[in-house]
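A.B. asks: Got a structure for you, questions after.
Right, dumping it as structure tokens:
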């Protein structure tokens with residue numbers, strides 16, 4: 010067995026104490042040990058929280074490319090939700106629900122578009 014160089018041992022010790030499995034070069038096992046393998050934080054998936062943080066950061070920095078991407082993904086998600094809601098309207102029973110279902114769907118879509126526009130900063134006067 011060959012002894013490791015003192016620098017390597019020192020670096021491993023410092024990294025274990027200070028970074029605790031985080032930082033550049035941390036292996037997936039170190040990150041999992043640090044986060045205890047959590048997939049959900051505060052009742053929401055970690056990936057969703059990261060996406061929300063990235064969108065807030067892009068909005069704070071004024072990164073137009075990232076804002077355009079966030080707006081496009083939010084619009085696509087909204088369109089998918091509207092499609093699912095529309096598909097749930099059974100054609101056989103649509104006559105009875107049309108008076109309530111479609112206007113409610115339109116109101117929900119309009120509210121979601123307004124919320125998306127407010128979140129991405131559209132519609133606000135930046136002057």
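Numbering (this note's numbering), first residue to last: 10 to 136. The C-beta atom is built at its ideal place from N, Cα and C for all residues, glycine as well. For clarity, every value in this text was computed on a predicted model and none was experimentally measured.
Kindly give me the distance between the Cβ atoms of residue 87 and residue 114, rounded to whole angstroms, as I take these residues to be in contact under 8 Å.
C.D. replies: With 8 Å as the limit, residue 87 and residue 114 do not qualify as a contact, their Cβ atoms being about 12 Å apart.
A.B. asks: Residue 67 lies in the alpha helix (DSSP H); which residues open and close that run?
C.D. replies: 55-70 is the extent of the alpha helix (DSSP H) around residue 67.
A.B. asks: Is DSSP giving residue 50 helix, strand or coil here?
C.D. replies: strand
A.B. asks: Pull up the distance between the alpha-carbon of residue 49 and that of residue 68, whole angstroms please.
C.D. replies: 24 Å
A.B. asks: Quick one: grab the DSSP three-state call for residue 97.
C.D. replies: helix
A.B. asks: Rounded to whole angstroms, what's the CA-CA distance from residue 51 to residue 61? Just pull it up for me.
C.D. replies: 14 Å
A.B. asks: Select from 22, 92 and 83 the residue whose C-alpha is nearest the C-alpha of residue 137.
C.D. replies: No statement about residue 137 is possible, as the shown extent of the chain runs from 10 to 136 and does not include it.
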